[in-house]
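Asker:
Chains as they are written, first to last, in our numbering: chain B, 1 to 267; chain Y, 1001 to 1267.
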């Protein structure tokens, strides 16, 4: 992976040297060719890569051969690596003058815990940047062959989480799903029954279309479609997944989704 | 640009041959190195590329030398190329057996009018795919050095438009900006005064932070920050732009944004 051309960027890459730096890099949704050229460049010049549970090994293989690879994954609900520890190790590595890549699935700015790592780097006086990536919901739309927005029917998208900080109440998903909206829920599979009940109670029609994309863009990608009233959690439906619920404006209809490779879910 | 390694994809690239095919390709937010490897591969094998106004010439330069390049740009509010005409020409090119790339800024599934082009291709029996891209709001967050979500403070993001279909009423942006939300408005600069009034009327605090990122990730990138009450449209603030408004949960605070390269806007 050393023969790639150089892609000069309007954001010049941080200079290597006596003082290290940290790049929070979006690895994209899964498939390695959905990595950006800038992310690839950072991997090719990294001294050390701290990577998440959801980053595909194929993407790690694109990194510089001599780069150290450190797994700092957190399972949902578990906390093998507390965030504070991740903050500390990336800063410590940069302080030793190393080019640090903090590799996160999807886009670092969407549910990526970037805030804590940015703050830690800045508090330590370490140069830090964000390399944006393709977020999982975009890959879910692509997999389903459908736009997330449809002019005149759904002209906004809400990106929300199924999981919350421990102790926080569940988000009021129904309040977000006003007519004219597509709701894209990240990591919500475990709460599917609660989400369904909340949306129905908020007046979302029982016939609203629900789609679930597991492992969008990866070799393990699976697609399901059903109605809000009928949706149930099948055994194969697991995180990482995007749950899409479409609620068009009154009188408007959304396009027909692809049916190839899309399984039915629920009653 | 012919020496790039092959990146096998879990979504095998459509075979070229007697029947053409259409790829709706996300060009990303602007910088050419924010293109994905898959998008680059499609450009390198294209016979013809139909591209939008917001696609940077540097990205077009990555395409196969022999590829025909056709500008089908629409200025906001104008309609030099009606959507129906674009649908017709991409289908006609694919029917002649050509590998067609429909190159769209950002991600095709976000405000990209993909629905019409997908439907036209399928109605004609043409193979069609979506190649997801980095959306402008992700690049805006990266430029500002801030996440779009902050755990415990803003745990959802709404992507909405400033412009609507002609004749439609303006969206009720204020209803979307519940506490705990970041609102990312695409192409809203012309309606900034209306957006400000709508949000204030909906009870969004006058002190809510507003950030505007014009031409995110490109050489023409400009960043502004102000408060909702004070925000006014400066002459240099032009589309394409992302307007970000943050409304944390009650009692929560969002992180401090970077100040380098961020100009103040408004009173």
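For every residue, glycine included, the Cβ atom is placed at its ideal position computed from N, Cα and C.
Decide if residue 165(B) is buried, meaning its Cβ has at least 16 other Cβ atoms within 10 Å, or exposed.
Answerer: By the 10 Å Cβ count, residue 165(B) comes out exposed.
Asker: Taking its Cβ as the centre, do 16 or more other Cβ atoms sit within 10 Å of residue 113(B), making it buried, or is it exposed?
Answerer: Buried, because 16 or more other Cβ atoms sit within 10 Å of the Cβ of residue 113(B).
Asker: Using a C-beta to C-beta distance shorter than 9 Å, which residues of chain Y count as neighbours of residue 115(B)?
Answerer: The contacting residues are 1146, 1147, 1149, 1150, 1151, 1153, 1254 and 1255.
Asker: Please report whether the beta-carbon of residue 1019(Y) lies at a distance below 7 Å from any beta-carbon of chain B.
Answerer: False, the Cβ-Cβ gap to chain B never drops below 7 Å.
Asker: Leaving out five residues on either side along the sequence, give the residues of the same chain with a beta carbon under 8 Å from the beta carbon of residue 1258(Y).
Answerer: Hits under 8 Å: 1144, 1145 and 1146.
Asker: Considering only C-alpha positions, which residue in the set 1206(Y), 1086(Y), 1109(Y) and 1239(Y) is nearest to residue 1245(Y)?
Answerer: Out of 1206(Y), 1086(Y), 1109(Y) and 1239(Y), 1206(Y) has the C-alpha closest to the C-alpha of residue 1245(Y).
Asker: Residue 34(B) and residue 28(B) - do their beta-carbons sit closer together than 7 Å?
Answerer: The answer is yes: Cβ separation under 7 Å.
Asker: Can you check which of these residues, 230(B), 176(B) and 97(B), is closest to residue 46(B) by C-alpha distance?
Answerer: Minimum Cα distance to residue 46(B) is reached at 97(B).
Asker: Could you check what DSSP says for residue 28(B) in three-state terms: helix, strand or coil?
Answerer: Residue 28(B): strand per DSSP, three-state reduction.
Asker: Do the CB positions of residue 1120(Y) and residue 1172(Y) come within less than 7 Å of each other?
Answerer: Not closer than 7 Å, so no.
Asker: Once DSSP output is grouped into helix, strand and coil, what is the label at residue 1173(Y)?
Answerer: Three-state DSSP puts residue 1173(Y) in a helix.
Asker: From residue 1152(Y) to residue 82(B), what does the alpha carbon distance come to, in whole angstroms?
Answerer: Near 16 Å, if we compare the C-alpha coordinates of residue 82(B) and residue 1152(Y).
Asker: Who are residue 214(B)'s beta bridge partners in DSSP?
Answerer: According to DSSP, which records beta bridges pairwise, residue 214(B) is partnered with 222(B) and 241(B).
Asker: I'd like the span of the alpha helix (DSSP H) that includes residue 1044(Y), first residue to last.
Answerer: Segment 1037–1044, the alpha helix (DSSP H) holding residue 1044(Y).
Asker: Quick one: using the 10 Å Cβ neighbour count with 16 as the cut-off for buried, is residue 61(B) buried or exposed?
Answerer: Answer is exposed; the Cβ neighbour count stays below 16.
Asker: Leaving out five residues on either side along the sequence, give the residues of the same chain with a beta carbon under 6 Å from the beta carbon of residue 191(B).
Answerer: Cβ neighbours of residue 191(B) beyond the five flanking positions: 162.
Asker: When DSSP labels each residue in this structure, what does residue 72(B) get in the three-state scheme?
Answerer: Residue state, collapsed to three classes: coil.
Asker: What would DSSP say about residue 1141(Y), mapped onto helix, strand or coil?
Answerer: Residue 1141(Y): helix per DSSP, three-state reduction.
Asker: With 9 Å as the C-beta to C-beta threshold (strictly closer), list the residues of the stretch 1114–1143 of chain Y near chain B in chain order.
Answerer: Hits within the stretch, in order: 1114, 1115, 1116, 1118, 1119, 1122, 1128, 1129, 1130, 1131, 1132, 1133, 1134, 1135, 1137, 1138, 1139, 1140, 1141, 1142 and 1143.
Asker: Any beta-carbon of chain B closer than 7 Å to the one on residue 1103(Y)?
Answerer: No, its Cβ sits nowhere closer than 7 Å to a Cβ of chain B.
Asker: Show which residues of chain B have a CB atom less than 7 Å away from the CB atom of residue 1112(Y).
Answerer: What residue 1112(Y) touches in chain B: 147.
Asker: Could you spell out the range, first to last residue, of the beta strand (DSSP E) harbouring residue 1059(Y)?
Answerer: That residue, residue 1059(Y), is in no beta strand (DSSP E); its alpha helix (DSSP H) goes 1057–1060.
Asker: Going by DSSP, name the residue or residues bridged to residue 1129(Y).
Answerer: For residue 1129(Y), which the question treats as bridged, DSSP gives the partners 1023(Y).
Asker: Listed from N- to C-terminal order along the chain, which residues in the stretch 1038–1058 of chain Y have their beta-carbon within a distance smaller than 8 Å of any beta-carbon of chain B?
Answerer: Hits within the stretch, in order: 1038, 1040 and 1041.
Asker: According to DSSP, which residues form a beta bridge with residue 1199(Y)?
Answerer: Paired residues: none, contrary to the question.
Asker: Do residue 1184(Y) and residue 969(Y) have their beta-carbon atoms positioned less than 7 Å apart in this structure?
Answerer: With chain Y covering 1001 to 1267 only, the question about residue 969(Y) has no answer from this structure.
Asker: Could you tell me which residues DSSP puts in a beta bridge with residue 48(B)?
Answerer: DSSP output for residue 48(B) lists 68(B) and 100(B) as bridge partner(s).
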